[in-house]
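Below: the structure, in structure tokens.
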Amino acid sequence: GDFCPICTLPIPFRMNEHSVFNACCMKRICAGCHFAAQKRGIDDCPFCRTPLPDSDADMLAMTRARVAKKDPTAILTLGQKYFFGDLGLQKDMKKSIDLWTEAAELGSLEALYCLGLAYMNGDLVQRDEAKAAEFYAKAAMQGHAQSRNNLGCYEGRKGNYDRAVKHLLISARMGHKSSVAAIKMMFTNGNATKEQYSDALKGYQEAVEETKSHDRDEAKRLGY
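Heads up, the sequence shown is in the working numbering, so the first residue is 3 and it goes up one at a time.
Here's what the structure looks like:
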């Protein structure tokens with residue numbers, strides 16, 4: 003998973019619900035640090051102190067400026083904007099794939115995941131589960147929890163339960179709740195042991211504890 007660049011703690015899944023993504027520096031700031039900055043009267047980006055964009059056009063300009071500098075996160079983000087048709091852009095699936103491919107080549111794990119998802123679903127390209135698994139594996143080997151979870155689910159669907167559990171245990175220990183649920187279902191169906199489910203649950207709980215902080219708890223309590 004991602005780590006907040008300010009407090010350096012891991013950001014809980016789902017990251018969009020626990021953090022704010024700023025286009026100025028392409029950093030994902032946890033809700034706790036964002037909340038703490040606002041308490042101190044900082045209305046700009048808490049990380050780079052750049053004024054936050056006032057419009058979609060400003061955000062797109064910031065993103066393109068980072069793309070021009072070959073920032074892999076910016077290239078990934080622009081691909082996502084083309085995929086959803088955000089920031090006033092027309093949906094362009096081919097453009098998304100091209101941008102994600104470039105971002106992946108520059109080291110973006112999230113781009114590898116997006117490519118894996120595209121091939122697994124067959125929405126943007128011809129469906130190819132084996133190729134999707136290759137992208138997931140590349141990202142998972144470098145610490146991408148969602149890719150590791152998806153790889154475990156892929157192996158489970160193929161009936162490779164031992165391999166599936168190994169993948170899902172890793173992602174569960176990274177704080178991925180869906181991985182725990184998947185192992186629980188496999189245990190219920192006789193495809194995983196009680197010990198494996200217990201290990202997954204314990205690892206998940208320990209990972210969640212590592213994401214906690216006073217500022218995050220306060221932000222959550224106030225509904226931030």
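A virtual CB, placed ideally from N, CA and C, is assigned to each residue, including glycine. Bear in mind the structure is a predicted one, so any value in this text is a computation, not a measurement.
Check, Outcome
"Can you tell me whether Arg218 is buried or exposed, with buried defined as 16 or more other CB within 10 angstroms of its CB?", "buried"
"Do you know offhand how far Met28's Cα is from Tyr84's?", "17 Å"
"Roughly how many angstroms separate the alpha carbons of Ser98 and Lys160, rounded to a whole number?", "29 Å"
"Within the same chain, show all residues whose beta-carbon is closer than 6 Å to that of Thr10, passing over the 5 residues directly before and after it, in chain order.", "none"
"So, for Leu62: in the same chain, excluding its five sequence neighbours on each side, which residues have a beta-carbon less than 8 Å away from its beta-carbon?", "Lys83, Leu89, Gly90, Leu91"
"Tell me the residue span of the beta strand (DSSP E) that contains Ser98.", "Segment 95–107 is the alpha helix (DSSP H) holding Ser98; no beta strand (DSSP E) there."
"Figure out for me which residue from Tyr121, Ala135, Lys204 has the closest Cα to the Cα of Arg129.", "Tyr121"
"For Lys196 and Leu203, I'd like the C-alpha separation in whole angstroms.", "11 Å"
"Checking 8 Å against the spacing of the C-beta atoms, do Ala147 and Ser173 come in under that value?", "yes"
"Inspect the beta-carbon positions of Asp201 and Leu170 and report whether they are closer than 8 Å.", "no"
"Would you mind reading off the limits of the beta strand (DSSP E) that contains Val22?", "21–24"
"Could you tell me the boundaries of the alpha helix (DSSP H) in which Lys41 lies?", "33–41"
"Mapping DSSP to helix, strand and coil, what is Lys196?", "helix"
"On the CB-based measure, 16 or more other CB atoms within 10 Å of its CB, does Ser149 come out buried or exposed?", "buried"
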